[in-house]
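Chains A and B, in that order, are what the protein sequence lines are. Just add 8 to wherever you are in the first sequence, counting from 1, and you've got the numbering used here. Just add 10 to wherever you are in the second sequence, counting from 1, and you've got the numbering used here.
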Amino acid sequence: MKYRITHTTTFIYKASAGLCYNEARMLPRGLPYQEVFSASLEIDPLPQDYYERFDYFGNRTVYFSIQQPHDKMVVTAVSEVETGVSPLIEGAETLSWEMARDRLRSDLSDEIVTASQFVLDSSMVTVSDQLLNYAQPSFPPGRPLMEAVNDLMQRIYQEFKYDPEFSTIATPLKEVLAHRSGVCQDFAHLAIGCLRSLGLAARYVSGYIETLPPPGKERLVGADASHAWFSVCLPGFGWLDFDPTNNQLPGDRHMTVAWGRDFADVTPLKGVAFGSGKHKLKVSVDVLPIG
Amino acid sequence: MSQADKPIPRSITQFYDTRLEAYDEMYAGEGQLQPHWQALMQELDHLGREGLERRHREAQRLLRENGVTFNIYDGLSGTSRPWQLDPIPLFISAEEWSVIEAGLVQRAELLNLILADIYGPQTLIKDGLLPPDLIFGHLGFQRACVGLNPPGDRPLILCSSNLARGPDGRMWVIDDRTQTPSGAGYALENRMVMTRIAPALFRDCHVKRLAGFFQPLRDRLARLAPQNREDPHIVVLTPGPYSPSYFEHAYLANYLGYTLVQGDDLSVRDGRVWLKSLEGLHQVDVILRRVDDAYCDPLELRKDSRLGVTGLLQSARLGHVAIANPIGSCVLENPGLLAFLPKISRHVLNEELKLPSVATWWCGQANERNFVLENLDKLVIKPIHRRHDYRAIFGAQLTVAEQAELRSSILHHPHLYTGQEMVSFSTAPSFVDGWVEPRHAVLRSFQVAGEDGYIAMPGGLTRISPQSGELVVSNRAGGLSKDAWVLSNEPVEYVSLWRQPGNDQVLKFRTDPLPSRDADNLFWAGRYVERAEGVARLLRAIFLLRRELRDADGEVPKPYQHSLLRSLTHMTGTYPGFVKEGAESLLQSPQPELHSLLNDVHRAGSLASTLRIFGQVAMTVRDHWPTEIWRIIDAIQQDWDEDEEGPDSGSSRTQDRLDHLIMQLVAFSGLTAESMTREAGWLLLEIGRRLERALGLISLLRATLVPEMDSVAKRQLMETVLVICDSLNSFRRRYHSYIQLPTVLEMILMDPHHPRSLAYQLDCLQKYVAELPRPQGTHRLGEDERSILKAYTALRLADAAELSKIEDGEGYRKGLDDLLSAQVDSLWRLSDTMTSNYFSHSQPSQQLSPQQDEDV
């Protein structure tokens, strides 16, 4: 599928900011199953400094700073991508979760050393006995990893309520677990925490998903949102994505932007402004299929 | 045994007691005096206990006068404690040092290679020499710094190791400091003091000089500069005056000739780092930082940091600024690493590790973990990263429940823990509580990257345990320090820190830019010191008057005394005081209020609080004060605090205190006039002082000479005003015995040649303000220049005789009051303009969070 994605973030400051510095991870990564035709940031006012690089996880990262007084900043990422389905490598279905765990500990190949970092705690996901207890029913001895993760995803989908009112970005996993509710970020973090408490490698993926308008309604421009899901490492076979919010394996209607250990590694836009006072924020996302 | 019970020894060393059953530095084995301690032994026996005590006192006096402190976090109040130096140095023989030195150089080289690898190709991990979890699980591993490629062949510029001698007589490494190693400045200061208190011993022992370390440090930092290589601008980045080792930051900046800055003095623009200075933005080439990794850049690292520079990492990534040590080097401060160094050394250096580390087991490995869990009560357990809540846990000291808890923590996150052997370190003779005793000692060494390898400081900072038998040695725990003397077998050459220009080279004169924050603080130092002097003079006059009052049994008219008390409230801004509600009863019995204004540090405006604030402001710019000035600043604080008296102030002791204080404040002014170069810093100090003196004088005159008084009171007030303004003698000489208001006003308002007059202050302000940096190419007067011109012109156009008149029915001198009130307006305007033009060094910053908290 081909899409044009327009992701606009508007900051309105209380007072004029003389200087601001930002880091954006809004340009989609190129992948074997995702071709990026074009991707660029439009920034208003025009930044004096603008640099692009790949971060530690290989995400396209933009640093920019605005050095003139401004009371409003609009950052728009426009990308055109073509998505496909990541092919499953033969044999991955039978890999048991214990074998996966043990390989992460013993193998020193580039792939595994890189993956092993996703077993460790990160700033927003700390393993705990509660997470382990929640995960365990899906992981009986000898069960193939793919099947077990699929089961975990299903349980999260069924047992947790999608509730945008409940969650803010800073909702600790403990509360998500206690209240059995959250949003896509929380579900991704929850699954990641469960997998890590078993010694498995899991990462956080940020991106978009095409949403279909209710039957008989027009598609509303800008009504879409950023999305997030998780990915698990099948040592020797690569990574496989799971979307617990929609209970499905992401396919060609998911567009990947960036990945990291948790949300903190892939925050789409963060920054520091001087003199601005408090700010208001408006975000709109539009995912347009283009044939 | 208490000190008094101890026998008076004929010889100190004869009674030196090595019963701690550890290896002692002076006696390698029982009864065998190490030859290189011989000179010290003779010296000690010659000095005796009294002589040693004298040296100790002398050392503490020098340290205190030089303001050497170590700040301790103490809730909000943050107190500083004088640095403690043992007058007995630690001796290290030339032969032994060559072994230690080789080990330190090798270790620094090894740490550097590991650092470069972790942030580069990570082959040590892929080759199985470093376990991934040990690095990736360490909080000091900054992913944002991977691939950042710091300049130079050795990214690790500085490192430091804590050494102690094990029971086998060999030196062991306890841990390493690689992030912002501290202590080199204290070591230097210790050395300065030791050479003062024991010059002959120092000379005779052929002690190696520390400049051998600081010279290569300066060279290395200069070579790091990505641009301006001939004359790079190097700054020392400090977390600020509340940092424990702030003294050291200021001291090193001064010694090495760098600018001392805090995070918000710097700003990143166009990918480069700039210092906000009085003259505008000034590019920074190299940063010697004392701010921890995670706090260096709120954009990419800890976003709650107020100590860093936003965008710093990007600037470093672009190669526009060099940072020593590179951000991310905290990853090496990991006790777990010790277990892997011998193997890595063999692998990458093809050498055995020369200095052994304390035996360490990293719990990330199954066998090691089991060993640690089985021997929990025999080991020291250390988390792999140092944090504010970091502490070494002595397994033996834990209760059963605590052991179980620790065991469970280790099992949950094994890779975050290490177990270390508990080692009994050697003792060294130390002068404690008037006696020479053996104390456990730890030597902190310092290494700097040189052209052909690392260079170790010959010596270092030695710390000794505060209690006998105690193994924990740290500055926070209240330990004492020692100088370490590395001996040489031949006389030591003097090494100068000055660089020698080539024969024909003419050096360009350069003044370092004055950071805006320093400009601000110097301005306020000037204002506070002058305010303190003004208030002290007024208080002194009031107390003198009250004594006269007592002696003369109430002869002094009340309105006279009341005017002075009211002027005190105005001058100190301590309303209601003697002016507003409740004034009547205070005027009847002023003693408690006067006592409070003298001594209550918690009361804004009191003399004690003004002195306290002056001290704090002066501390923030301490790298600008020559040593003598710093001593006066210190003495002002100390003497005032020490002398605090009971509530019966007003005695002759109060007079003495005030006399002494005024002398010190005048000495401060004299010293600044004599020993500060007439650069921007001095200018700001003077502007602050002149501005404050003008404002103080005006508020005194408005409270005393503006209201109508009967002739006796008026005459006494005029005389007292002249006394307060230090003008009575000049007045007498000039006008003999006639005292009249117009002549008084002539002298203290109009006379531009009298340094206490208003005209003189305005004249100075006009000159100094004109010298402040201005935008190029404009002929318009700045707002600050206009304010001062307006005030001075109005004063010069005024007529003293006219000002002295009281119009019928007005009851006060309206002309004089109007003039003075307009002067105040102009002076405040000047102050505000300076603040917005020159001092706006920091704007509050706001995180732009991705959170959608409010809809627009």
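From the three backbone atoms N, C-alpha and C, an ideal C-beta is built for every residue, glycine too.
Problem set entry | Minimum length 4: unbroken alpha helix (DSSP H) runs contained in the stretch 87 to 165 of chain A | 105 to 114, 118 to 124, 137 to 143
Problem set entry | Residue-chain proximity (A:Ala-281, chain B), Cβ-Cβ < 7 Å | yes
Exercise. Which of helix, strand or coil does DSSP assign to B:Pro-209?
Worked result: helix
Exercise. With distances taken between CB atoms, is the gap from B:Pro-99 to B:Asp-443 smaller than 7 Å?
Worked result: no
Exercise. With B:Pro-717 and B:Tyr-822 assumed to form a contact (beta carbons below 8 Å), what rounded beta-carbon distance in angstroms separates them?
Worked result: 5 Å
Exercise. When DSSP builds the beta bridges, which residues end up paired with A:Tyr-11?
Worked result: A:Val-89, A:Pro-297
Problem set entry | Bridge partners - B:Gln-457, DSSP secondary structure assignment | B:Cys-169, B:Ala-466
For this session: Report the three-state DSSP secondary structure of B:Tyr-778 (helix, strand or coil).
Result: helix
Exercise. Is the stretch 213 to 225 of chain B touching the stretch 450 to 468 of chain B, taking contact as three or more C-beta pairs under 8 Å?
Worked result: yes
Problem set entry | Residue(s) in a DSSP beta bridge with B:Ile-102 | B:Val-496
Exercise. Hey, is A:Val-157's beta-carbon within less than 7 Å of any beta-carbon in chain B?
Worked result: no
Problem set entry | As assigned by DSSP and simplified to three states, the class of B:Pro-448 | strand
Exercise. Are there three or more Cβ pairs, one per stretch, closer than 8 Å when the stretch 30 to 39 of chain A is compared with the stretch 65 to 80 of chain A?
Worked result: yes
Exercise. Going straight from the alpha carbon of B:Leu-668 to that of B:Trp-445, what length do you get?
Worked result: 40 Å
Exercise. For B:Ala-174, which of B:Gly-691, B:Ser-434, B:Leu-707, B:His-612 has the nearest alpha-carbon?
Worked result: B:Ser-434
Exercise. What did DSSP end up calling B:Gly-85 once you bin it into helix, strand or coil?
Worked result: Caution applies to B:Gly-85, whose pLDDT of 37 falls short of 50 and renders its modelled position unreliable; the model cannot decide the point.
Exercise. Could you give the residue range of the beta strand (DSSP E) that holds B:Met-581?
Worked result: B:Met-581 -> not in any beta strand (DSSP E); alpha helix (DSSP H) instead, spanning 568 to 582.
Problem set entry | Assumed close pair B:Thr-301, B:Val-245 - CB separation to whole angstroms, cut-off 8 Å | A quick correction: the sequence has Val, not Thr, at residue 301 of chain B. Contact flag wrong, Cβ pair sits at about 12 Å.
Problem set entry | Environment of A:Val-83 [buried if 16+ CB atoms lie within 10 Å] | buried
Problem set entry | Within 9 Å of chain A by C-beta, residues of the stretch 386 to 417 of chain B in sequence order | none
Problem set entry | Distance, B:Arg-576 Cα to B:Asp-809 Cα | 27 Å
Exercise. Using the beta-carbon count (16 or more within 10 Å), is B:Leu-170 buried or exposed?
Worked result: Checking the displayed sequence, the identity of residue 170 of chain B turns out to be Ser instead of Leu. Buried, by the Cβ-count rule.
Exercise. For B:Phe-533, which option in B:Val-779, B:Leu-266, B:Gly-374 has the closest C-alpha, if you only look at C-alpha atoms?
Worked result: B:Val-779
Exercise. Using the beta-carbon count (16 or more within 10 Å), is B:Leu-578 buried or exposed?
Worked result: buried
Exercise. Closer than 7 Å, CB to CB, is B:Gln-324 near chain A or not?
Worked result: yes
Exercise. Would B:Leu-363 pass as a contact of B:Ser-355 if the rule is Cβ separation under 7 Å?
Worked result: yes
Exercise. Along the chain, where does the alpha helix (DSSP H) that runs through B:Gly-544 open and close?
Worked result: 526 to 561
For this session: Mind listing the chain A neighbours of B:Ile-337? Cutoff is C-beta to C-beta under 9 Å, in chain order.
Result: Simply none; closest approach about 14 Å.
Exercise. Mind checking if B:Pro-142 is an interface residue toward chain A, Cβ cutoff 7 Å exclusive?
Worked result: yes
Exercise. Between which two residues does the beta strand (DSSP E) harbouring B:Arg-869 extend?
Worked result: Outside the shown range of chain B (11 to 866) lies residue 869 of chain B, about which nothing can therefore be said.
Exercise. Alpha carbon to alpha carbon, how far is B:Leu-787 from A:Thr-275?
Worked result: Note that residue 787 of chain B corresponds to Gly in the displayed sequence, not to Leu. Going from the Cα of B:Gly-787 to the Cα of A:Thr-275 covers about 46 Å.
Exercise. Looking at C-beta atoms only, is the number of pairs between the stretch 767 to 774 of chain B and the stretch 792 to 805 of chain B that lie closer than 8 Å three or more?
Worked result: yes
Exercise. Grouping DSSP H, G and I as helix and E and B as strand, with all else coil, what is B:Trp-93?
Worked result: coil
Exercise. Is any heavy atom in the ligand MG found nearer than 6 Å to the beta carbon of B:Arg-784?
Worked result: Ligands in the displayed structure: none, and consequently the ligand MG is not present.
Problem set entry | Residue(s) in a DSSP beta bridge with B:Ile-244 | B:Val-296
Exercise. Per DSSP, A:Asn-30 is paired with what?
Worked result: A:Phe-72, A:Gly-279
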